[in-house]
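**Student:** In the working numbering, the protein residues as written are 1 to 441.
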Ligand code: FES
Ligand SMILES: [Fe+2]
């Protein structure tokens, strides 16, 4: 194993190509535990891609703000007086302290607790205590505002930011093919997709990529990891729920895409448990998709789960499932902070909203059955990979290698794959490698 012989000098591009070889289906364990690789990810991955930082419904009024992270850099997402949205580095220009320490709120100003420099909603440095006595009035306030993240774009209410001036637009980054699927719950909603309550936050001692690659299309783990949930009847048999996977440019992937017609049929069955309101809702949702998008999108109806590269996953099965966003915020090579935001359709009947809320907390939340199943695997992998031998071994990512083009379904975009494949993982690491090395993989 050549990779085991590498020393700990700064990681070179050629080393990365040896560690990650999507063409052969190999990813070396060092990718999940090496501090140098992790540091490089913070600049090469997180400063070059679009990061979700919040939703417009969380900051409807002037002065509203939420805090978020791009990689490990904290940011404030604040609504200005004119309705503009500012994404500002949450770090005082004096000694670097975070100027805002709450998750969300409404503020006219952000005042640094250390020496009291005060910044406006747009980040401008407005106040400096003892300007005359301490700085002889010579401090140039205009050049000491909070640093702004230069690119901010919104897709259907979801706010993303990017440090890279030269990056492609958010819409091009997400890509028409993946948006074809994501638009279904966003356009089908009878009201707006609105966040239910605050963001739920918890930590796992695991590398962030283990979670991202899982949501990008690891349908293979479900039978084993979540087998008990299906055996006790928590959900119907898994093989009936999902038919296809799909991957897209820029490392994005989706698992659990149902065969057209299946999700609506499933929802009609579910609606019988809830009564006529729910049945009407399912049909109205589907009709909206048919009217505003396409017949084929209405046939797909529910989109399963996926990952927007690098670290934003979603989960959304049919009308009775909330739209759950999971951000895997990196906190070192072996720690991740999970931010889970649950959205529901404000136009859904109350019974559907209530069910969606409880379903989400029972499934993928900190105490949810799937969240715990997955979290334990991710944490234990990261623990095992601290070993001197385990931490340098090549791992097998070759499932379905050479069979990538065999699934084609009329009208479904993306590079489709079968239920069980690791094509989406290879697609994730192909883009990861491209960004990490700065050249085509
Ligand atoms: S660190 Fe913020 S005012 Fe000094
Ligand atoms: Fe899982």
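Quick reminder that beta carbons are idealized off the backbone N, C-alpha and C, glycines included.
Owing to the predicted nature of the structure, the values given are computational and were not obtained by experimental measurement.
Between residue 100 and ligand 1, is the CB less than 7 Å from at least one heavy atom?
**Tutor:** By one-based count along the chain shown, residue 100 stands at place 100. Every heavy atom of ligand 1 is 7 Å or more from the Cβ of residue 100, so no.
**Student:** By the three-class DSSP mapping on this structure, what secondary structure does residue 419 have?
**Tutor:** As a working note, residue 419 is residue 419 in the chain shown. Looking at residue 419 - three-state DSSP - the assignment turns out to be coil, as it is neither helix nor strand.
**Student:** Just mark residue 269 as buried or exposed, buried being the case when its beta carbon has 16 or more other beta carbons within 10 Å.
**Tutor:** On the chain shown, residue 269 is found 269 positions in, with the first residue counted as 1. Under this definition residue 269 is an exposed residue.
**Student:** In this structure, does DSSP put residue 102 in helix, strand or coil?
**Tutor:** Counting from one through the chain shown, the residue named residue 102 turns up at place 102. Note: residue 102 maps to coil in three-state DSSP.
**Student:** Are residue 186 and residue 193 touching if we call contact CB-CB under 8 Å?
**Tutor:** As a working note, residue 186 is residue 186 in the chain shown. As a working note, residue 193 is residue 193 in the chain shown. Closer than 8 Å, so yes.
**Student:** Would you call the CB atoms of residue 415 and residue 242 closer than 8 Å?
**Tutor:** In the chain shown, counting from the first residue as 1, residue 415 sits at position 415. In the chain shown, counting from the first residue as 1, residue 242 sits at position 242. Not in contact: residue 415 and residue 242 (Cβ atoms no closer than 8 Å).
**Student:** With a threshold of 6 Å on Cβ separation, who are the neighbours of residue 319 within its own chain once the five nearest residues in sequence on each side are excluded?
**Tutor:** Start at 1 with the first residue of the chain shown, and residue 319 comes out as number 319. These residues qualify, in order along the chain: 267, 282, 285.
**Student:** Have a look at the DSSP bridge pairing and note the partners of residue 147.
**Tutor:** The residue you call residue 147 lines up with position 147 of the chain shown. None; residue 147 has no bridge partner.
**Student:** What does DSSP give as the partner residue(s) for residue 132 in the beta ladder?
**Tutor:** As a position in the chain shown, residue 132 is number 132, starting the count at 1. Per DSSP, none; premise fails for residue 132.
**Student:** Let me know the secondary structure DSSP gives residue 440 once reduced to three states.
**Tutor:** Walking along the chain shown from the start, residue 440 turns up at place 440. Any answer about residue 440 is weak, because its pLDDT of 48 lies below 50 and its placement is not dependable; what the coordinates show is given next. Here residue 440 sits in coil by DSSP.
**Student:** Within 7 Å: the Cβ of residue 53 and any heavy atom of ligand 2?
**Tutor:** Taking the first residue of the chain shown as 1, we reach residue 53 at position 53. Residue 53: no, Cβ never under 7 Å from ligand 2.
**Student:** Any heavy atom of ligand 2 closer than 7 Å to the Cβ of residue 336?
**Tutor:** Indexing the chain shown from 1 puts residue 336 at position 336. Result no, Cβ not under 7 Å from ligand 2.
**Student:** Taking the alpha carbon of residue 232 as the point to measure from, which residue in 108, 292, 369, 171 has its own alpha carbon closest?
**Tutor:** Here residue 232 corresponds to residue number 232 of the chain shown, with the count starting at 1. The shortest Cα separation from residue 232 among 108, 292, 369, 171 belongs to 369.
**Student:** Keeping to the same chain, check which residues put their C-beta closer than 6 Å to that of residue 4; ignore five residues upstream and five downstream.
**Tutor:** On the chain shown, residue 4 is found 4 positions in, with the first residue counted as 1. Confidence is the limiting factor: at residue 4 the pLDDT is only 42, short of 50, which leaves the residue's position unreliable, though a coordinate-based value still follows. Only 392 meet the Cβ criterion.
**Student:** Does the distance between the C-beta of residue 116 and the nearest non-hydrogen atom of ligand 1 fall short of 7 Å?
**Tutor:** Here residue 116 refers to the residue found at position 116 when the chain shown is read from its first residue. Yes, the Cβ of residue 116 comes within 7 Å of a heavy atom of ligand 1.
**Student:** Let me check one thing: in DSSP terms, what residues is residue 193 bridge-paired to?
**Tutor:** Taking the first residue of the chain shown as 1, we reach residue 193 at position 193. Bridge partners of residue 193: 345.
**Student:** Residue 167 and residue 50 look like a contact to me (Cβ under 8 Å); what is the Cβ gap, rounded to whole Å?
**Tutor:** Translated into the one-based positions of the chain shown, residue 167 becomes position 167. Translated into the one-based positions of the chain shown, residue 50 becomes position 50. Indeed, because the Cβ distance is near 7 Å, the residues count as touching under 8 Å.
**Student:** Have a look at residue 62 and residue 419 and give me their C-alpha separation to the nearest angstrom.
**Tutor:** As a first step, residue 62 is located in the chain shown; it is residue number 62 there, counting from the start. As a first step, residue 419 is located in the chain shown; it is residue number 419 there, counting from the start. The alpha-carbon atoms of residue 62 and residue 419 are separated by roughly 46 Å.
**Student:** Go through its chain and collect everything with a Cβ distance to residue 208's Cβ below 6 Å, but skip five positions before and after it.
**Tutor:** Residue mapping note: residue 208 aligns to position 208 of the chain shown, counting from 1. The answer, listed in chain order, is 311, 328, 330, 336.
**Student:** Which stretch, first to last residue, makes up the beta strand (DSSP E) that contains residue 119?
**Tutor:** Here the question's residue 119 lines up with position 119 in the chain shown. Here the beta strand (DSSP E) through residue 119 covers 118-120.
**Student:** How many Å lie between residue 74 and residue 68 at the Cα?
**Tutor:** If you number the chain shown from 1, residue 74 lands on position 74. If you number the chain shown from 1, residue 68 lands on position 68. Taking the straight line joining both Cα atoms gives about 6 Å.
**Student:** Using a 10 Å radius around the Cβ and a threshold of 16 neighbouring Cβ atoms, would you call residue 150 buried or exposed?
**Tutor:** What you label residue 150 is simply residue 150 of the chain shown in a count that begins at 1. By the neighbour-count rule (16 or more Cβ atoms within 10 Å), residue 150 is not buried but exposed.
**Student:** Does any heavy atom of ligand 1 sit closer than 7 Å to the C-beta of residue 97?
**Tutor:** Position 97 of the chain shown, counting from 1, holds the residue named residue 97. Answer for residue 97: yes, Cβ within range of ligand 1.
**Student:** What does DSSP give as the partner residues of residue 205 in its beta bridges?
**Tutor:** Position 205 of the chain shown, counted from the first residue, corresponds to residue 205. Bridge partners of residue 205: none, in fact.
**Student:** Quick check: does the Cβ of residue 214 come within less than 7 Å of any heavy atom belonging to ligand 2?
**Tutor:** Along the chain shown, read from residue 1 onward, the residue named residue 214 stands at position 214. Flag set: Cβ of residue 214 near ligand 2.
**Student:** So who's on the other strand from residue 78, going by DSSP bridges?
**Tutor:** By 1-based counting over the chain shown, the position of residue 78 is 78. BP columns for residue 78 point to 65, 86.
**Student:** With a threshold of 7 Å, establish whether the CB of residue 144 neighbours any heavy atom of ligand 1.
**Tutor:** Locating residue 144 in the chain shown gives position 144, where the first residue counts as 1. Checking every heavy atom of ligand 1 against the Cβ of residue 144, none is found closer than 7 Å.
**Student:** Indicate, with yes or no, if ligand 2 has a heavy atom lying under 7 Å from the CB of residue 256.
**Tutor:** Stepping through the chain shown from its first residue, residue 256 is reached at position 256. Every heavy atom of ligand 2 is 7 Å or more from the Cβ of residue 256, so no.
**Student:** Does the distance from the CB of residue 338 to the CB of residue 326 come in under 8 Å?
**Tutor:** On the chain shown, residue 338 is found 338 positions in, with the first residue counted as 1. On the chain shown, residue 326 is found 326 positions in, with the first residue counted as 1. Yes.
**Student:** Counting only runs that start and end within the region 377-409, where is the beta strand (DSSP E) found for 3 or more residues in a row?
**Tutor:** DSSP runs (the beta strand (DSSP E)) wholly in the region 377-409: 394-396.
**Student:** Would you decide whether residue 333 is buried or exposed? Buried here means 16 or more other CB atoms lie within 10 Å of its CB.
**Tutor:** For the purposes of this step, residue 333 is identified with residue 333 of the chain shown, where counting begins at 1. Buried: at least 16 other Cβ atoms inside 10 Å.
**Student:** Opposite residue 340 in the DSSP bridges: which residues?
**Tutor:** Locating residue 340 in the chain shown gives position 340, where the first residue counts as 1. Bridge partners of residue 340: 200, 326.
**Student:** Leaving out five residues on either side along the sequence, give the residues of the same chain with a beta carbon under 8 Å from the beta carbon of residue 440.
**Tutor:** Within the chain shown, the letter at position 440 stands for residue 440. Any reading at residue 440 needs caution, since the residue's pLDDT is 48, under 50, leaving its predicted position unreliable; the model's value is listed next. These residues qualify, in order along the chain: 434.
**Student:** Let me know the secondary structure DSSP gives residue 281 once reduced to three states.
**Tutor:** Within the chain shown, residue 281 is the residue found at index 281, counting from 1. Correct three-state label for residue 281: helix.
**Student:** With 8 Å set as the bound, which would you pick, yes or no: does the beta-carbon of residue 209 sit closer than that to a beta-carbon of chain C?
**Tutor:** The structure shown contains no chain C, having only a single protein chain.
**Student:** Quick check on DSSP: helix, strand or coil for residue 369?
**Tutor:** Your numbering for residue 369 matches position 369 in the chain shown. Residue 369: helix per DSSP, three-state reduction.
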